[in-house]
Amino acid sequence: MKKIFLLAAVALVALSGCNAPKDGYELVWADEFEQDGAPNPENWTYELMRKGQVNNEEQEYVESLDNAWVEDGILHIKAIKDGDRITSARLISQGKQSWTYGRVEARLKVPAGLGVWPAFWMLPNKSQYGGWPRCGEIDIMEFVGYQPTTIHGTIHTGKYNHMIGTQKGTNTQVPTCTEDYHIYTLDWTPENITISVDGNAYFSFDNDGAGDPGTWPFDQPFYIIMNVAFGGGWGGAEGVDYNVLPAEMLVDWVRVYQKTAE
Numbered sequence: 002m003k004k005i006f007l008l009a010a011v012a013l014v015a016l017s018g019c020n021a022p023k024d025g026y027e028l029v030w031a032d033e034f035e036q037d038g039a040p041n042p043e044n045w046t047y048e049l050m051r052k053g054q055v056n057n058e059e060q061e062y063v064e065s066l067d068n069a070w071v072e073d074g075i076l077h078i079k080a081i082k083d084g085d086r087i088t089s090a091r092l093i094s095q096g097k098q099s100w101t102y103g104r105v106e107a108r109l110k111v112p113a114g115l116g117v118w119p120a121f122w123m124l125p126n127k128s129q130y131g132g133w134p135r136c137g138e139i140d141i142m143e144f145v146g147y148q149p150t151t152i153h154g155t156i157h158t159g160k161y162n163h164m165i166g167t168q169k170g171t172n173t174q175v176p177t178c179t180e181d182y183h184i185y186t187l188d189w190t191p192e193n194i195t196i197s198v199d200g201n202a203y204f205s206f207d208n209d210g211a212g213d214p215g216t217w218p219f220d221q222p223f224y225i226i227m228n229v230a231f232g233g234g235w236g237g238a239e240g241v242d243y244n245v246l247p248a249e250m251l252v253d254w255v256r257v258y259q260k261t262a263e
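Counting in this note's numbering, the sequence shown runs from 2 upward without gaps.
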């Protein structure tokens, strides 16, 4: 066990030296997906959900190595159709890894096809402000298959959310998002949230400073979610093509940086 902890510490130091941003951040956590098999249980839990439980999505979220596994340094999250049943995986770091402020990013490739809806996003570890949307949500990367070159970044709060058509967000064009890996980044401070692709910022949301959690619930620890949905209110808004299944999101790494101590 001591050897495992020592190796983990050495790996974190090595990553910090090689990959840390040069603007006052240091690496505080990473999953490089170096161990084949199940996702690291120290970092991830399979979140289980029924078909239609959220957003009218057609898949079930299950705990299976057929739907989420690590192989050759890559995390695979795959939606599969077997007869009338569609299964997929939703991995969460809740209760295991969470942060308040910092830079959260992943290098990943999204699947193509009408109906797919992969996402890399965050929710509060233990909401201080009630249920969704009052708790807050940060969507670092969302993709829907009927917009094959478009990536979306969005935040939701009690006052700004899609249920009442007031969500704050925008999108950007990433023509090779289904063909190549890209780096999707959240920069989060007490004053601002900025979302970027490959270092190019395209969405920014400022804290209005009013102290109202209805507009800024982002002062609490948030955890990471990675999933591949199929169909549903947004993913299936222009129909679905079951022939695109199986469809998988590939994740090279996930890293979290925070400001170095002054």
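From the three backbone atoms N, C-alpha and C, an ideal C-beta is built for every residue, glycine too.
Check                                                                                                                                                                   : Outcome
Please list, in chain order, all residues of the same chain as Y26 whose beta carbon is under 8 Å from its beta carbon, the five residues on each side excluded.        : G103, R104, Y258, Q259, K260, T261
Report the residue from Y243, P247, G232 whose alpha carbon sits nearest the alpha carbon of G53.                                                                       : G232
CB-CB under 8 Å to L115, same chain, minus the five flanking residues each way: which ones, in chain order?                                                             : G146, Y147, E239, G240, V241, D242, V245
Can you list, in chain order, the residues of its chain with a C-beta nearer than 6 Å to that of F219? Leave out the 5 residues immediately preceding and following it. : G137
Residues in its own chain within less than 7 Å of Q129 by CB, not counting five upstream and five downstream?                                                           : Q221
Kindly confirm or deny that the region 78 to 93 and the region 223 to 237 touch, where touching means at least three C-beta pairs closer than 8 Å.                      : yes
Grouping DSSP H, G and I as helix and E and B as strand, with all else coil, what is W70?                                                                               : strand
What residues are listed by DSSP as bridge partners for R51?                                                                                                            : Its beta-bridge partners do not exist; DSSP assigns none.
Tell me, please, which residues DSSP counts as bridged to F223.                                                                                                         : W100, P125
Excluding sequence positions up to five away, which residues of its chain have a Cβ less than 7 Å from the Cβ of F223?                                                  : S99, W100, M123, L124, P125, N126, I139
Where do the ends of the beta strand (DSSP E) carrying G131 lie?                                                                                                        : Segment: none, G131 is in no beta strand (DSSP E) and carries neither H nor E.
Per DSSP, what kind of secondary structure is Y26 in: helix, strand or coil?                                                                                            : strand
Enumerate in chain order the residues of its own chain whose CB-to-CB distance from T195 is below 6 Å, with the five nearest sequence positions on each side excluded.  : D188, A202, S205
Do you know offhand how far Y161's Cα is from W133's?                                                                                                                   : 11 Å
As an exercise, report each continuous alpha helix (DSSP H) stretch of at least 4 residues that is fully enclosed by the region 182 to 243, in chain order.             : 233 to 236
Ends of the beta strand (DSSP E) at Y258?                                                                                                                               : 248 to 260
Just to check my reading of the structure: V71 and L49 have Cβ atoms closer than 8 Å, yes? What is that Cβ distance to the nearest angstrom?                            : Not quite, the Cβ-Cβ distance comes to about 20 Å (not below 8 Å), so this is no contact.
So the beta strand (DSSP E) M142 belongs to, where does it begin and stop?                                                                                              : 138 to 143
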